[in-house]
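First residue of the sequence shown? That's 80 in this note's numbering, and the numbers climb one at a time after it. Ideal Cβ positions, reconstructed from N, Cα and C, are used throughout, including at glycine. None of the values given here were measured: they were computed from a predicted structure. As structure tokens, the structure follows; a few thoughts come after it.
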Amino acid sequence: PVLGVLTILEHLGMATDVMFAGSSHSCSELITDQRVTAWECLPLVSPWLSGILSKLGFAGVVLTVSVFGAYLPQLMRLWSLVVIPFLLAIFSLVTLWATVNWYICLP
């Protein structure tokens, strides 16, 4: 019974992650401009990060972080110490893809 309850709680935690990614898509157009102007205030990373956020949108950033930060590490059974460098590497690849305009089969 204890493991069953813990399993249900784990699935509910992942379900809330999916619901946040889905609900962020519905308000992405309103939030993206506000997030871009907020990131433009930072002196060192403003051109880089605001450009990525404007291309991916708020929903794209949330989807990238939720898939590659929550689902893929559990699917690959990565250790907790490996997840953060893995997430940084994947986010760097997505950033490179967004800045260089490697639109392969995407609008």
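Inter-residue Cα distance where the pair is residue i and residue j
i, j, result
"Leu121", "Arg114", "12 Å"
"Gln153", "Trp118", "30 Å"
"Gly130", "Ala168", "19 Å"
"Val173", "Tyr150", "16 Å"
"Ser107", "Met98", "14 Å"
"Thr111", "Val124", "17 Å"
Closest residue to residue i among the options (Cα-Cα distance)
i, options, result
"Leu160", "Gly148, Ser129 and Glu89", "Gly148"
"Phe170", "Val144, Gly92 and Val162", "Val144"
"Thr95", "Gly136, Ala177, Val141 and Pro80", "Val141"
"Phe165", "Gly136, Glu89 and Val146", "Val146"
"Leu135", "Leu82, Thr86, Leu85 and Ala177", "Ala177"
Proximal residues to residue i (C-beta, below 7 Å), its chain only, five neighbours per side dropped
i, result
"Leu157", "Phe165"
Neighbourhood of residue i by C-beta, 6 Å cutoff - its chain only, sequence neighbours within 5 removed
i, result
"Ala100", "Val141, Leu142 and Ser145"
(request) May I have a chain-ordered list of the alpha helix (DSSP H) segments no shorter than 4 residues that lie completely inside the stretch 113-159? (result) 125-145 and 151-155
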